[in-house]
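Residue numbers (the numbering used here): 213 to 271.
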């Protein structure tokens, strides 16, 4: 069973970046990784982000 999209962060954005992971679980683990959290402290100061995680195929 596919899970519905999980909205993580939401703000106005002028561009979109898609990142594909082998599974939703791996994407969630990446987001929760301490190294990613540390990098995001800097990125949040320099960018507006919308982060949505979802399971499925875009095609």
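For glycine and all other residues, C-beta sits at the position ideal for the given N, C-alpha and C.
Predicted, not measured: the structure shown is a model, and the values here were computed from it.
Item                                                                                         : Value
Helix, strand or coil at residue 228 according to DSSP, with G and I counted as helix        : coil
Where the beta strand (DSSP E) through residue 264 begins and ends                           : 263 to 265
C-alpha gap between residue 233 and residue 256, whole angstroms                             : 22 Å
Nearest candidate by alpha-carbon position, reference residue 229, set 263, 269, 215 and 258 : 263
Limits of the unbroken alpha helix (DSSP H) element including residue 233                    : Element bounds for residue 233: n/a, residue is neither H nor E.
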